[in-house]
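Asker:
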Amino acid sequence: MSTIVTAIEDAARRNGDAPALSWHKATWSYAELAGAINRVGDALATKVNAGDRVALLLRNSPQFAAAFYGVLSAGAVAVPLNVQERAGVLARQIEHCGARLVLADATHVEFTALREALDGKGVTLLPLELVDAASGCEAFCASLGEHPVRAASSLDEGSLACIIYTSGTTGRPKGVMLSHGNLASNARIIAGYLGIVPADKVLCPLPFHFSYGMSVLNSNLAAGAHLVLEDNLAFPQVLVKRLQDEGITGFAGVPATFALLLGRTQLADFDLSGLRYVTQAGGAMPRPQILALRAALPKARLFIMYGQTEATARLTFLEPEDLDEKLGSVGLPLPGVDIEVRDPSGRVVPDDAVGELCARGPNVMMGYWDDAELTAQVVRNGWLHTGDLAHRDGDGYLYIDGREVEMIKVGAFRVSPQEIEEVLATLPGVQEVAVTGMPDALLGQAIKAVIVAREGATPDVMSVKAHCRAHLAQYKIPKVVEFAAELPRTSSGKVQRYKLA
Amino acid sequence: MSDALTDQIRDFILENYLFTSDTSAIGLDDSLLGRGIVDSTGMLEIIFFIEEQLGVKVKDEEMIPDNLDGVNKIANFVATKRKAA
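Line by line, the protein sequences are chains G and C.
Sequential numbering of the first sequence, starting at 24, is according to the working numbering.
Sequential numbering of the second sequence, starting at 639, is according to the working numbering.
In structure tokens form, the structure reads like this:
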């Protein structure tokens, strides 16, 4: 079958000199990328068997792509880890998926701590060179060592390609299992509706361990386009200047990205006539912001999209031409994807009535790794139960009305309140804690923790945040920490998180 | 170099991102982004701090790493802006 790996190999055969990925001063051609993927595959041939998990602790870089697709080409399963996480969480995910090998950036801040956390557990960390200069490809391949050329293997559409960890409690990580067919079909459909062609030059600031970022990587490389990487959004003016100076034709962002660009740059002062399209996913963008973005970028087609990791990435998109008439809608299902809005008993609700958005199609995940119970709750008879509340208008357009579960969305990242509560509960002096989302102008939601201190204990805000920083990714540190005498509860004793915000 | 302005900036970063008063936790020339001390949201908060607490308006085009990605860089930027004002 045709996978993303074979699509990259095809692109390398067609036009090997065409640029595939740029990062700082480095640009990797399709020939270099395909060569490096092959080198990774050769290096892994003696180390892993088909179906073995290989974790990646690599930030966005051409090297990430080479490692990710290299693992796939070896018939193994790639587990891209969130490079913002601390060693404790990374180690738990590595142990949870049973990876025996981690391809890691030796300069990562948690590298040493992770090696210590995994000591004696039979996990090997293979340090790789991430050089962001012209020599990057060569240095990366050299760090893999010399290995005999392996026999080519063909990949089965239905077999597991990668596991992406989404938010879960520390005790119960949620590893979304995606097959080669999941990745390839979703990438092809996305590349199709965005009209991605080899002449495109697309800027991506989204992390690849996150399904939206992963879909940008897959769809652009599958289409033979040039993907340009941006490390962070701290300097929005620099980003917009890149869009102009480098003739970027496509740009992918989440609502917070666009809030930043609209609030902190003068888009009208730049010549962005080359920008053919802009995509938004990763949570609902407020309607006034959609209109402001379109007004600021009149020549770019603005795609509003919706999906989730459990659906590989994408489930629906709104054609830019429908934006006025269907403002606030996430559009129509992707070709080949069926969507139903159902009531709790499983019946399809009438138009305009709110229910749970359920989906069926080639993009629905295989399940959660090592969690048959949770998989059975979420995927039933081939239908993915997204947990998102939605309604459909008389023309079939879908609108998202919220989430059923108490998940906080910081920027575009899902955060489980339980995960933070579990970390805070280990702090001496904390008797009880509840975490909730609170409205935030830039990120949509920010995290708030309310703590009931033990009698006699006087934890302070700084020590609480320092504890979080030691155990959680930066974006999971509560913005607000408050102390209370007790937590609001229902008559049955359940904490009412929504009353804390 | 260490003066009152530099100390004020360093203390703000220590208190709000590293949650400590241990001044050895950050070098004055360390990259705030490179070391993972702040992310892009944190950088916006630092700009808010510069504008509200240090009284220097940061223009959109001044939001560049050379002005903001480190304690000394911020101190130099603020000092230069104050002189020009």
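Glycine included, C-beta positions come from ideal geometry on N, C-alpha and C.
Give the interface partners of Gly665/C over in chain G, defined as CB-CB distance under 8 Å, in chain order.
Answerer: The contacting residues do not exist; Gly665/C stays about 14 Å from chain G at best.
Asker: What does the Cβ neighbour count give for Glu161/G, buried or exposed, with the cut at 16 atoms within 10 Å?
Answerer: Flag for Glu161/G reads exposed.
Asker: Classify Ser296/G: buried if its beta carbon has 16 or more other beta carbons within 10 angstroms, exposed otherwise.
Answerer: It counts as exposed.
Asker: Name the one or two DSSP bridge partners that Ala382/G has.
Answerer: Answer by DSSP bridge pairing, in chain order: Ile362/G, Leu407/G.
Asker: Go through its chain and collect everything with a Cβ distance to Leu692/C's Cβ below 6 Å, but skip five positions before and after it.
Answerer: Same-chain partners within the cutoff: Val716.
Asker: I'd like to confirm the pairing. Which residues does DSSP put opposite Thr339/G in its beta bridges?
Answerer: The partner list for Thr339/G (beta bridge, DSSP) reads Tyr329/G, Pro356/G.
Asker: Do you know offhand how far Pro103/G's Cα is from Asn38/G's?
Answerer: Pro103/G and Asn38/G: Cα-Cα distance of roughly 28 Å.
Asker: So, at 7 Å on beta carbons, what are the nonlocal neighbours of Ala157/G in its own chain, with the 5 sequence-adjacent residues on each side left out?
Answerer: If we look at Ala157/G and ignore the five residues flanking it on each side, its Cβ neighbours are Lys48, Ala49.
Asker: Looking at chain C, which residues of the stretch 464–484 of chain G have a Cβ within less than 8 Å of any of its Cβ atoms?
Answerer: Listed by position along the chain: Leu465, Leu466.
Asker: For the putative contact between Leu250/G and Asn243/G, defined by C-beta atoms under 8 Å, what is the C-beta separation to the nearest angstrom?
Answerer: Yes, Leu250/G and Asn243/G are in contact; Cβ-Cβ is about 5 Å, under 8 Å.
Asker: Grouping DSSP H, G and I as helix and E and B as strand, with all else coil, what is Met639/C?
Answerer: The pLDDT assigned to Met639/C is 49, lower than 50, so where the model puts this residue is not dependable, and the model offers no usable value.
Asker: Quick test of your reading: Lys499/G and Ile423/G, contact by CB under 8 Å. State the CB separation rounded to the nearest angstrom.
Answerer: Actually they do not touch by this definition, with Cβ atoms about 23 Å apart.
Asker: Using the Cα positions of Ala323/G and Gly276/G, report the straight-line distance between them to the nearest angstrom.
Answerer: Near 14 Å, if we compare the C-alpha coordinates of Gly276/G and Ala323/G.
Asker: Within 8 Å, do at least three Cβ pairs link the stretch 397–406 of chain G to the stretch 363–383 of chain G?
Answerer: A contact exists between the stretch 363–383 of chain G and the stretch 397–406 of chain G.
Asker: List the residues of chain C whose Cβ lies closer than 8 Å to the Cβ of Lys322/G, in chain order.
Answerer: In chain order: nothing, as chain C lies at least about 21 Å away.
Asker: Would you call Tyr521/G buried or exposed, if buried means 16 or more other Cβ atoms sit within 10 Å of its Cβ?
Answerer: Classification for Tyr521/G: exposed.
Asker: Identify the residues that DSSP records as bridge partners of Gly198/G: which are they?
Answerer: Bridge partners of Gly198/G: Tyr188/G.
Asker: Quick one, which residues of the stretch 71–88 of chain G are near chain C if we go by CB-CB under 8 Å, in chain order?
Answerer: Result list empty, no residue passes.
Asker: Could you give the C-beta distance for Asp347/G and Gly273/G, rounded to a whole number, given that I count them as a contact under 8 Å?
Answerer: At roughly 22 Å, the Cβ-Cβ gap does not stay under 8 Å, so Asp347/G and Gly273/G are not in contact.
Asker: What is the DSSP secondary structure of Thr29/G, counted as helix, strand or coil?
Answerer: It is helical.
Asker: Using a C-beta to C-beta distance shorter than 9 Å, which residues of chain C count as neighbours of Leu226/G?
Answerer: The contacting residues do not exist; Leu226/G stays about 15 Å from chain C at best.
Asker: Can you find a CB in chain C that lies within less than 9 Å of the CB of Glu152/G?
Answerer: Chain C, which has no Cβ nearer than 9 Å to the Cβ of Glu152/G, makes this no.
Asker: So which residues of chain C does Phe293/G contact, with C-beta pairs closer than 9 Å?
Answerer: Within 9 Å Cβ-Cβ: nothing; Phe293/G doesn't reach chain C, min ~11 Å.
Asker: Roughly how many whole angstroms lie between the Cα atoms of Leu670/C and Asp704/C?
Answerer: If you take the alpha carbons of Leu670/C and Asp704/C, they lie about 12 Å apart.
Asker: Determine, for Ile651/C, whether the minimum Cβ-Cβ distance to residues of chain G falls below 9 Å.
Answerer: No, because no Cβ of chain G sits closer than 9 Å to the Cβ of Ile651/C.
Asker: Contact defined as beta carbons within less than 8 Å: I believe Val709/C pairs with Ile651/C. What is the distance between those atoms, to the nearest angstrom?
Answerer: Contact holds; Cβ gap of about 7 Å.
Asker: Taking the straight line between their C-alpha atoms, what separation do you get for Asp374/G and Cys381/G?
Answerer: Taking the straight line from one Cα to the other gives about 15 Å.
Asker: From what residue to what residue does the beta strand (DSSP E) around Ile313/G run?
Answerer: No beta strand (DSSP E) holds Ile313/G; the alpha helix (DSSP H) holding it covers 310–319.
Asker: Please go through the stretch 47–102 of chain G and give each complete alpha helix (DSSP H) segment of 4 or more residues, from N-terminal end onward.
Answerer: With a minimum length of 4 residues, the continuous alpha helix (DSSP H) runs that stay inside the stretch 47–102 of chain G are 53–68, 85–96.
Asker: Would you tell me roughly how many angstroms separate the C-alpha atoms of Val341/G and Val458/G, rounded to the nearest one?
Answerer: One detail in the question is off: residue 341/G reads as Leu in this sequence, not Val. About 34 Å.
Asker: Would you mind sorting Gln86/G into buried or exposed? The rule is 16 or more other CB atoms within 10 Å of its CB.
Answerer: That one is buried.
Asker: Rounded to the nearest angstrom, what separates Gly64/G and Pro440/G at their Cα positions?
Answerer: Going from the Cα of Gly64/G to the Cα of Pro440/G covers about 39 Å.
Asker: Give the secondary structure of Asp9/G by DSSP, where H, G and I count as helix, E and B as strand, and everything else as coil.
Answerer: There is no way to answer for residue 9/G, as the model of chain G reaches only from 24 to 524.
Asker: Counting C-beta neighbours from all protein chains within 10 Å, is the total for Asn72/G 16 or more, i.e. buried, or is it exposed?
Answerer: It counts as exposed.
Asker: On the DSSP bridge list, what partners appear for Ala524/G?
Answerer: Answer is none; Ala524/G lacks a bridge partner.
Asker: Measuring CB to CB, does Ala101/G end up less than 9 Å from Val94/G?
Answerer: Yes. Within cutoff.
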